[in-house]
C-alpha cells in the first residue's frame, strides 16, 4: 500500500489542526493568567494608594504602626487566593490540552485501525510499502503526542514562573514594609 499525496496532505492538515488547537488552549491559559495578574496589580495599586492616603494624616508613630500591621495582615490570605487562581488556570489549561491530545490520539488510533484493516483486505504491492505506511501513521501519532506534551509543559512553566515572581515580589514588599515600620 502506498500513501497517496492526498493521504499525506490530509495527515499534515490533521497535524496542523491539532497543533492549532493545542496552541489555542495554551493561549487561553496565558490570557487567563495575564488577566489575573492585571487584576492583582490593579488591586495592589488601589489598596496601596488608599493606605498611603490613610497614613498621610497620621500624627503619631503608634497609630502608623497599627495601620501598617492592619495593611499587611490580609497579605497571606491574598497570596493563598492568588495561588488557588493560578492552580485553577493551570488545571483548566492542562485539562483542555489533555482533551485535545486524547481526541487526536483516538482519531490516530482509528486511522491506524483502518489502515491495518485496509492492508489486510488488499494485498500490498510490497512489504516495504506496508511497513512505511504503518511507520508514517505511528510517527504522526507520536508527533501529536509530543506537541501536546510540549505545550502542556510550557503552560506549566509559565504558571510556575508567574507564581514564583509574585511570591518573590510579595516577600520583598513585606520586607520593605517591615523595614519601614521598624524605622518609625
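In the UniProt record's numbering, the protein residues as written are 1 to 184. Built from N, CA and C at the ideal position, the CB exists for glycine as well.
Residue environment: residue 86 is assigned as buried (16 or more neighbouring CB atoms within 10 Å of its CB, all protein chains considered). If you compare the alpha carbons of 61, 54, 95 and 12 with that of residue 153, the shortest gap goes to 95. Around the CB of residue 106, fewer than 16 other CB atoms lie within 10 Å, so the residue is classed as exposed.
DSSP places residue 44 inside the alpha helix (DSSP H), whose first and last residues are 5-56. Each of 113, 114, 164 and 103 was checked against the Cα of residue 15, and the nearest Cα belongs to 103. Closest by C-alpha distance to residue 74, out of 110, 101 and 44, is 44.
Closest option to residue 143, judged by alpha-carbon separation, among 46, 19 and 9: 19.
Here the alpha carbons of residue 13 and residue 6 stand approximately 10 Å from one another. Secondary structure of residue 70 (DSSP, three-state): helix.
Residue 22 is positioned such that its CB atom lies no closer than 8 Å to that of residue 110. DSSP, read as helix, strand or coil, puts residue 60 in coil. Within the same chain, no Cβ atom closer than 8 Å to the Cβ of residue 57 is found once the five residues on either side in sequence are excluded. Counting only the Cα atoms, residue 64 lies some 22 Å from residue 78. Scanning 169, 61, 28 and 172 for the CA closest to the CA of residue 93 turns up 28.
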